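See structure below.
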Amino acid sequence: MSIDAHARVHAPTVLSHPPAQHAELGFWRKYVFSTDHKVIGIQYTLTALLFLLFGFTLMMMMRWQLARPGEPFPTLQFVVPLAAIGAIVVLISGFRPKVGTVVGVLLLVFAAFVYWVASGEERMPDGVMLPEFYNQLGAMHGTIMVFLGVVPLAVGGFGNYIMPLQIGAIDMAFPKINMMSYWTFFLGGVTMLISFFVPGGAANSGWTSYAPLSVIATAGQTVWLIGMVLLITSSLLGSVNFITTIVQLRTRGLSFFRLPFFVWAQFVTSFLLLLAFPPLEAAGIMQLMDRIAGTSFFMPAGLIVSGQIQPNAGGGSPLLWQHLFWFLAHPEVYVLILPAMGIVAEVIANNTRKPIWGYKSMVYSIIFLGFMSFVVWAHHMFMTGMGTAISAFFQATTMIISIPSVIILSCLFISLYGGSIRFNTPMLFALAFLPMFGIGGLTGLPLGLASSDIHLHDTYYVIGHFHYVVAPGTLFALFAGIYYWFPKITGRRLNETLGKIHFFGSFVCMNFIFFPMLIQGLAGVSRRLYDGGQQYAHAQGVLYLNEVMSVAAWVMAGFQFVFIFNLFWSARRGKEAGENPWEATTLDWAATPTPPVPHGNFEKIPEVYRGPYEYSLPNQAKDYAPQNELTEA
Amino acid sequence: MQIPYTVMARPDTGVYNAKAGIWLFLASEVMLFGALFTSYILLRVGAPTWPHGYEELNVPLATLNTAILITSSVTMVMSWASLMMKNFKRYKLFMALTILCGLIFLIVKGFEYEHKFAAGHFPSTSNFFAVYFTLTGLHGLHVIGGMIVNAYLWGPGSKMWKTDPQRFTNRVEVAGLYWHFVDLVWIFLFPSLYLL
Chain A
0 MSIDAHARVH APTVLSHPPA QHAELGFWRK YVFSTDHKVI GIQYTLTALL FLLFGFTLMM
60 MMRWQLARPG EPFPTLQFVV PLAAIGAIVV LISGFRPKVG TVVGVLLLVF AAFVYWVASG
120 EERMPDGVML PEFYNQLGAM HGTIMVFLGV VPLAVGGFGN YIMPLQIGAI DMAFPKINMM
180 SYWTFFLGGV TMLISFFVPG GAANSGWTSY APLSVIATAG QTVWLIGMVL LITSSLLGSV
240 NFITTIVQLR TRGLSFFRLP FFVWAQFVTS FLLLLAFPPL EAAGIMQLMD RIAGTSFFMP
300 AGLIVSGQIQ PNAGGGSPLL WQHLFWFLAH PEVYVLILPA MGIVAEVIAN NTRKPIWGYK
360 SMVYSIIFLG FMSFVVWAHH MFMTGMGTAI SAFFQATTMI ISIPSVIILS CLFISLYGGS
420 IRFNTPMLFA LAFLPMFGIG GLTGLPLGLA SSDIHLHDTY YVIGHFHYVV APGTLFALFA
480 GIYYWFPKIT GRRLNETLGK IHFFGSFVCM NFIFFPMLIQ GLAGVSRRLY DGGQQYAHAQ
540 GVLYLNEVMS VAAWVMAGFQ FVFIFNLFWS ARRGKEAGEN PWEATTLDWA ATPTPPVPHG
600 NFEKIPEVYR GPYEYSLPNQ AKDYAPQNEL TEA
Chain B
0 MQIPYTVMAR PDTGVYNAKA GIWLFLASEV MLFGALFTSY ILLRVGAPTW PHGYEELNVP
60 LATLNTAILI TSSVTMVMSW ASLMMKNFKR YKLFMALTIL CGLIFLIVKG FEYEHKFAAG
120 HFPSTSNFFA VYFTLTGLHG LHVIGGMIVN AYLWGPGSKM WKTDPQRFTN RVEVAGLYWH
180 FVDLVWIFLF PSLYLL
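Structure (structure tokens):
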């Protein structure tokens, strides 16, 4: 069969032959510069997971400094485990050039990087961390976790791989733009890593890069800005592609209210990325101008740094940066959480064997959430003196935006009621997401009220709050997604025992890391302190918690090694999954082979006859009805 | 493998993929320039003194440039209309004119920049010039980007007219939507920078 036979096919249903019979692509086009959404999804997933581990490593180094301020860094205790897990991954995967081998080698590179960092005199003379370097670690931990870890995993990884399968599309609407999106992201990531090697080290003004501090910072900040422009471009390309795909390529019969909730989450997320990121790009361009061309968009007149008046003409507004930054960064919070909610909804519906309770109200809530997330940004800025009228407005919108979140969470909780729940690893992670995100959300309310924020602003309470949302919240949902869809990608299940060790270990450790932060914050301990608060009288009573949190973080790293081992071991030796191991209703499981057809996904383009979660139908032979199945009533 | 609706519109949405994509992209561009315009307003309102555009900038040259850019939008539409009427030669002519107008715009802009630099006005001179150079510079980059796309559609890209005329016409339409947007940005830039 020739390629021309397909060239004029426009309607999806006409495509009845397996499209996999095209000429085989070469190695580079197939695995590296692939335009197949599944390969790109895996590329995103692995890159993001590596960046997550990298950001986690930076944080573990910070936690040493916080637990034992001024003591020499135990380089070997950090380098050896990292190198060991790298070596194990290489050994499991074999020495041929396979995905696992590449990842294993990269883990070894990580280990070498940590060694390099710890042996640098300008960073850690005699192993003792300098405050300047601590600031770099803080800024880069935040940047890497948000922009290179969680978002690329949740949107680039899961969105790319799963969303087209769930809507019955043979690929994304613009496959080449999809590839460009990944490689722009990759370049942005490399740029961020390079910034550690420029004079003065990486960006050190926090992930928020507040002006004027960031404008007068070392060269690493310029590299950070260039990296951000690349990452923004990547997410722009991605979000245009996602929205177009969902609107244009839904298969026959798949109306909007038959979309799985995961697709809805990706849809709203993409709109947030599309519309919220450009203002940060504008702000990034202006900060670059401030740093390179000497403008003063964010620079006040007569700023004196180290006894010297800055040469800028002045007249700029540091507050302007904050407005532009948070105009992105608050929707960004929802970019972090919405795909997680989508994954959790899928896993919960599947494992309670019940339809999601209140699917429509969840959909309306997530759309409303998307709108509202654009008008709450200044609740990050109550302490900037922007005036009580503005504070009152943003405090009101902040209280309003909590309503749809609560609706979604309540619907998911109620969905559990009366179900005969299967407690497999993905479900455990999804179940843990609910209370963890609950804690994260509820601790946010006092921060959203201008008066209580006066006490809590810039304390460890803030750190505890948003980490509860993102770490045991979003990350647990992402783990649920990995355990849930791993069989789709590899055809094998992840090991359940190792999965449960990973889950319970991480669950306990997460709470020992983040709950003490809330306690410290209520006691008034400020964030971003190089010594963890040792020099403050009011912090003395809660200082012992620093060691608790640090030990919990290091122990948690051990449980992540279990996960990494499981990932690569099960890919080769795991239990065969079969076609639809979870007995799911959505098209990704019900209509494609496992793993899907390399190019084109489906052997026959599916048609959809029903809603996404038709479980436990009465009077049926099996307890679920796939979306593409036409059953006689 | 052929992605559906790359050429024909999807019946229930009424657009083909690239058209949906370009409108979304333009929405994000609105946010980009919107943020810059907002910053401009905030900085200007907060400044104790701010020069009027017509005191510092060359209004006649900018008026000329406005006319040139609007002309290029007209020729862009004409090139697409020519394709719709299956007149490839006229398409070539009008597309060439569009690219030429873009080029003239940039040359005029270059003269303006040169005069400013010669008079000692740099982005670092004052926030007025910072705003002026950043906004017009970014707009200029958008013009260059559009010219590259148009040049491709005029030159090597136009081979598609023989193999898939409908898809080629779509491409020109999408490039046109972008070009009109760039034109529109200038129509906002001209009064707010030069005349106010």
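Order-wise, the sequence lines are chains A and B.
In terms of numbering that gives the first Met the number 0, the first sequence is residues 0 to 632.
In terms of numbering that gives the first Met the number 0, the second sequence is residues 0 to 195.
Virtual Cβ for every residue (Gly too), placed ideally from N, Cα, C.
Quick caveat, the model's predicted, so the values are computed rather than measured.
What does residue i reach in chain B if we use C-beta pairs closer than 8 Å?
i, result
"residue 319 of chain A", "38, 41, 42"
"residue 295 of chain A", "123, 126, 129"
"residue 323 of chain A", "34, 38"
Could you name the residues of the same chain whose beta carbon sits closer than 8 Å to that of residue i, not counting the 5 residues immediately before and after it, in chain order?
i, result
"residue 172 of chain A", "240, 243, 244, 247, 248"
"residue 95 of chain B", "153"
"residue 300 of chain A", "311, 312, 313, 314"
Listing by chain order, which chain A residues have their CB less than 7 Å from the CB of residue i?
i, result
"residue 23 of chain B", "239, 242, 243, 273"
"residue 170 of chain B", "The contacting residues do not exist; residue 170 of chain B stays about 13 Å from chain A at best."
"residue 183 of chain B", "Correct list: empty, because the minimum Cβ distance to chain A is about 16 Å."
"residue 166 of chain B", "Under the 7 Å cutoff, chain A gives no residues; its nearest Cβ is about 11 Å from residue 166 of chain B."
"residue 27 of chain B", "235, 273, 274, 277"
"residue 30 of chain B", "274, 277, 278"
Assuming residue i and residue j form a contact by the criterion Cβ under 8 Å, report the distance between their Cβ atoms to the nearest whole angstrom.
i, j, result
"residue 641 of chain A", "residue 608 of chain A", "Since the first residue shown for chain A is 0 and the last is 632, residue 641 of chain A is missing from the structure and cannot be characterised."
"residue 555 of chain A", "residue 516 of chain A", "Incorrect: roughly 14 Å between the Cβ atoms, too far for contact."
"residue 531 of chain A", "residue 542 of chain A", "7 Å"
"residue 181 of chain A", "residue 39 of chain A", "5 Å"
"residue 563 of chain A", "residue 88 of chain A", "6 Å"
"residue 122 of chain B", "residue 292 of chain A", "4 Å"
"residue 77 of chain A", "residue 123 of chain A", "12 Å between Cβ atoms; not a contact."
"residue 264 of chain A", "residue 327 of chain A", "Actually they do not touch by this definition, with Cβ atoms about 19 Å apart."
"residue 588 of chain A", "residue 600 of chain A", "12 Å between Cβ atoms; not a contact."
"residue 29 of chain B", "residue 165 of chain B", "Contact doesn't hold; Cβ gap of about 29 Å is too wide."
Do residue i and residue j have their C-beta atoms closer together than 9 Å?
i, j, result
"residue 209 of chain A", "residue 324 of chain A", "yes"
"residue 260 of chain A", "residue 365 of chain A", "yes"
"residue 68 of chain B", "residue 135 of chain B", "no"
"residue 49 of chain A", "residue 106 of chain A", "yes"
"residue 420 of chain A", "residue 496 of chain A", "no"
"residue 507 of chain A", "residue 426 of chain A", "no"
"residue 335 of chain A", "residue 283 of chain A", "no"
"residue 149 of chain B", "residue 97 of chain B", "yes"
"residue 268 of chain A", "residue 333 of chain A", "yes"
"residue 24 of chain A", "residue 595 of chain A", "no"
"residue 231 of chain A", "residue 568 of chain A", "no"
"residue 428 of chain A", "residue 479 of chain A", "yes"
"residue 66 of chain A", "residue 550 of chain A", "yes"
Beta carbon of residue i: closer than 8 Å to some heavy atom of the ligand NAP?
i, result
"residue 384 of chain A", "As far as ligands go, the structure on display features none, and thus does not contain the ligand NAP."
In chain order, what residues of the same chain lie with their CB nearer than 6 Å to the CB of residue i, ignoring the 5 residues before and after it?
i, result
"residue 382 of chain A", "456"
"residue 206 of chain A", "138, 141, 142"
"residue 410 of chain A", "356, 357, 361"
"residue 339 of chain A", "473, 476"
"residue 617 of chain A", "none"
"residue 56 of chain B", "193"
"residue 54 of chain A", "140, 143, 144, 148"
"residue 504 of chain A", "558"
"residue 309 of chain A", "302"
Just the chain A side, please: which residues come within less than 8 Å of residue i by C-beta, in chain order?
i, result
"residue 196 of chain B", "The structure shown does not extend to residue 196 of chain B, since chain B is modelled only from 0 through 195, so no value can be given for it."
"residue 46 of chain B", "314"
"residue 176 of chain B", "The premise fails here: residue 176 of chain B is roughly 13 Å from chain A at the closest Cβ pair, so nothing lies under 8 Å."
Looking only at its chain, what residues have a beta carbon closer than 7 Å to the beta carbon of residue i, apart from the 5 residues adjacent to it on each side?
i, result
"residue 218 of chain A", "197, 198, 199"
"residue 537 of chain A", "522, 523"
"residue 42 of chain A", "181"
Output, in chain order, the set of chain B residues within a Cβ distance shorter than 7 Å of residue i.
i, result
"residue 598 of chain A", "0"
"residue 292 of chain A", "122, 123"
"residue 288 of chain A", "122, 129, 133"
Going along chain A in order, which residues have a C-beta closer than 9 Å to the C-beta of residue i?
i, result
"residue 19 of chain B", "172, 239, 242, 243, 246, 247"
"residue 12 of chain B", "246, 247"
Mind pulling the alpha helix (DSSP H) runs of 4 or more residues that sit fully within the stretch 536-608 of chain A?
Given a length threshold of 4 residues, each whole run of the alpha helix (DSSP H) inside the stretch 536-608 of chain A is given here in chain order: 543-572, 586-589.
Contained alpha helix (DSSP H) runs [length at least 4] in the stretch 16-77 of chain A, N- to C-terminal order:
36-66
Taking the runs of the alpha helix (DSSP H) that are 4 residues or longer, which of them lie wholly in the stretch 244-273 of chain A?
none
Just list the alpha helix (DSSP H) runs in the stretch 470-507 of chain A, keeping only unbroken ones of 4 residues or longer that don't cross its boundaries, in chain order.
475-489
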